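Asks: Handing you this structure, nothing more for now.
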């Protein structure tokens, strides 16, 4: 049996929700073809964006590691062959590695007679991210598998609370031609923060979760703030402040660094704006600093799903 | 014109929501009679629980200060006389001073031809708390005025997001015969916290807000956790851990220090439990440490409201 699945890009952190919030995007996404292999092995191949830099050793690739965790959890007596076509550029800040991990777990699960529940898939993918990135985290893999907006209440035990993203929430993304390694983005962060910043993040995170649940886009815009992490990382992405200001001036509800960057993500109300002027403004603000960028308009999306080949 | 209003006790902090979350209780409450005074003065009298220790200087009493802020904000050309009957014991951890401030603002507002909106009343009461307690805070006054569960997204500018508390949420309270000053409770707190504690509080706070909004009492119980503040304050309330454990063993969803203590508050599902065994268990656990306590069962409540005299 051969099955094709898609696994979406995601934005992690999302304002006050460092390591907690994530949002699935409609585009871009990876496509994974999976089929059963009799001898229990995991075989992997990768094509598409940035594929030259992605390891194809099954013990070092997040998709194959996640698939292995799923097969082991199910006690499966077979292996899988995964053919990944990357639509999401690695190191861009929109969860490329997380999408592969999520897709590997989801694809392997499609071959089981008794599929495992989403929470097991999220855990498998989060653990795979731990193997490849050095830190178990679920803020990308959770929305990649479940879709919409997700809240990682707890990693151990894992609990993810999911919220259907507001219907009218548009997403504009600008990806500058700048490299930010996840490691560098982590290294600039502090070990501790003032209590007043905890209070700020708690107040804004609770409000943002309620705004998502209610589809209250005004409250969403006022709540999507980060007092700690993005300010620390702003030096890693030249022109960040100018790009965000340009997006807000063009009508965005909020504009922020996607994940650990360098993508800049702006949210907007699809009833008020088609987003084209926002991506133009973002692209233009990068250009003023002589920085090329790729930019596009999309929306919040579903999680991993089966495609009809 | 003479008007009578009630102003409820509230629980602030509420698990992960230090300085952000608050919950209005059905009982106890203060009752305030208010009437117009022609010469612009504020006159105040206080009777009831703990009234001997409450200042009646209008410049030092939170109710009269809040009333003054409301009259000034409205440009009123009259003063008010406030007669407060305290049903909420001061320094108990259930927002006694906040209820007075809220009630003072709400009562003065009842006398205006064009009443001010709730957010102005919350701001007036929060500023009054700032005068009497040394720190502007809205986590008690917001639920006292609005009712239900409240999230203070931001103090400046003030924005409060309110959530109707779940219909089946019961509250059991045990008030031990122990004094905890708000000042002492603040002094034991750290100035800064590890980033992992911020992540914990953000994840749990967002989940708790969603649990309140959805009426998901299971999620509410799992989300109502505090990694930082209550652990620091546990030494201020003898037997706290034993009382909370006793409440959980008796079927509570969560058990925690109300505000800065010494009240211990347990939440439970009214469909599963009438709460009597929970208050008995809490009282018993205090008694085993030779500590007397007053205890009662109540529910989430409305905010300030007019009573028919």
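Chains as they are written, first to last, in our numbering: chain Y, 1 to 309; chain R, 1 to 309. Just so you know, even glycine gets a beta-carbon here, dropped at the ideal spot from N, CA and C. Quick caveat: nothing in here was measured; it's all calculated off a predicted structure.
(1) Which residues mark the beginning and the end of the beta strand (DSSP E) in which residue 306 of chain Y is found?
(2) If we define contact as Cβ-Cβ less than 8 Å, is residue 151 of chain R a contact residue for chain Y?
(3) Classify residue 230 of chain Y: buried if its beta carbon has 16 or more other beta carbons within 10 angstroms, exposed otherwise.
(4) Of all Cβ atoms in chain Y, is any one closer than 8 Å to the Cβ of residue 23 of chain R?
(5) Could you pull the start and end residues of the beta strand (DSSP E) that residue 153 of chain R belongs to?
(6) If contact means a Cβ-Cβ distance below 8 Å, which residues of the region 9-42 of chain Y contact chain R?
(7) Can you tell me whether residue 58 of chain Y is buried or exposed? The criterion is at least 16 other CB atoms within 10 Å of its CB, across all chains shown.
(8) At the level of alpha carbons, what is the spacing between residue 133 of chain R and residue 37 of chain R?
(9) Consider the Cβ of residue 213 of chain R: report whether some Cβ of chain Y lies at a distance smaller than 8 Å.
(10) Would you grab the beta carbon distance between residue 124 of chain R and residue 136 of chain R for me? Rounded to a whole angstrom, and I think it's under 8 Å.
(11) Output yes if chain Y places a C-beta closer than 8 Å to the C-beta of residue 206 of chain R; else output no.
(12) Pair every Cβ in the region 297-304 of chain Y with every Cβ in the region 21-39 of chain R, then say whether three or more of these pairs are closer than 8 Å.
(13) Would you be able to state if there are at least three C-beta pairs under 8 Å between the region 205-225 of chain R and the region 237-246 of chain R?
(14) For residue 218 of chain Y, which of helix, strand or coil comes out of DSSP?
(15) Does the contact criterion of 3 or more C-beta pairs under 8 Å hold for the region 271-288 of chain R versus the region 182-195 of chain R?
(16) Please report the straight-line C-alpha distance between residue 275 of chain R and residue 269 of chain R, rounded to a whole angstrom.
(17) What is the DSSP secondary structure of residue 284 of chain R, reduced to helix, strand or coil?
(18) Of all the options R/31, R/90 and R/280, which has the alpha carbon lying nearest to the alpha carbon of residue 52 of chain R?
(19) Can you give me the C-alpha to C-alpha distance between residue 207 of chain R and residue 290 of chain Y, rounded to a whole angstrom?
(20) When DSSP labels each residue in this structure, what does residue 164 of chain Y get in the three-state scheme?
(21) Identify the continuous beta strand (DSSP E) that holds residue 43 of chain Y and give its terminal residues.
(22) Considering only the beta carbon of each residue, do residue 303 of chain Y and residue 146 of chain Y sit closer than 8 Å?
(23) Report the rounded CA-to-CA distance for residue 174 of chain Y versus residue 263 of chain Y, giving the unit in angstroms.
(24) Hey, quick one: how far does the alpha helix (DSSP H) through residue 242 of chain R stretch, first residue to last?
(25) Residue 292 of chain R to residue 236 of chain R, Cα distance in whole Å?
(26) What is the DSSP secondary structure of residue 85 of chain R, counted as helix, strand or coil?
(27) Between R/169, R/189, R/255 and R/226, which has its C-alpha nearest residue 214 of chain R's C-alpha?
(28) Starting from the beta carbon of residue 126 of chain R, find every residue of chain Y whose beta carbon is closer than 7 Å, and list them in chain order.
(29) Taking Cβ-Cβ distances shorter than 7 Å, what residues in chain R pair up with residue 209 of chain Y?
(30) Tell me which same chain residues have a C-beta within less than 6 Å of the C-beta of residue 200 of chain Y, skipping the five on either side of it?
(31) Less than 8 Å between CB atoms is the rule here; does residue 217 of chain R satisfy it with respect to chain Y?
(32) Going along the region 170-200 of chain Y in order, which residues come within less than 9 Å of chain R, judged by CB to CB distance?
(33) Distance check for residue 204 of chain R and residue 225 of chain R, CA to CA, integer angstroms please.
(34) Can you list the residues of chain A that residue 119 of chain Y reaches, using a CB-CB cut of under 8 Å?
(35) In chain Y, what lies closer than 7 Å to residue 203 of chain R by C-beta?
(36) Could you check the C-alpha separation between residue 306 of chain R and residue 156 of chain R for me, to the nearest Å?
Replies: A quick look at the data gives this:
(1) 305-307
(2) yes
(3) Result: buried.
(4) no
(5) In the DSSP assignment, residue 153 of chain R falls within the unbroken beta strand (DSSP E) covering 149-155.
(6) 16, 17, 18, 19, 20 and 21
(7) Classification for residue 58 of chain Y: buried.
(8) 27 Å
(9) It does; some Cβ of chain Y falls within 8 Å.
(10) The Cβ separation is near 11 Å, so there is no contact.
(11) yes
(12) no
(13) no
(14) helix
(15) no
(16) 9 Å
(17) Of the three classes helix, strand and coil, the one that applies to residue 284 of chain R here is helix, per DSSP.
(18) R/90
(19) 42 Å
(20) coil
(21) 42-48
(22) Cβ distance < 8 Å, so residue 303 of chain Y and residue 146 of chain Y count as in contact.
(23) 6 Å
(24) 240-249
(25) 16 Å
(26) strand
(27) With distances taken between Cα atoms, residue 214 of chain R lies closest to R/169.
(28) Under the 7 Å cutoff, chain Y gives no residues; its nearest Cβ is about 14 Å from residue 126 of chain R.
(29) 206, 209 and 210
(30) Apart from sequence neighbours up to five positions away, the residues of its chain that approach residue 200 of chain Y with a beta-carbon distance below 6 Å are 227, ordered along the chain.
(31) no
(32) 189, 190, 191, 192, 193, 194, 195, 196, 197, 198, 199 and 200
(33) Taken atom to atom, the span from the alpha-carbon of residue 225 of chain R to that of residue 204 of chain R is near 7 Å.
(34) As a matter of chain content, chain A is missing from the structure shown, whose protein chains are Y and R.
(35) 20, 151, 152, 153 and 154
(36) Distance between the alpha carbons of residue 306 of chain R and residue 156 of chain R: 29 Å.
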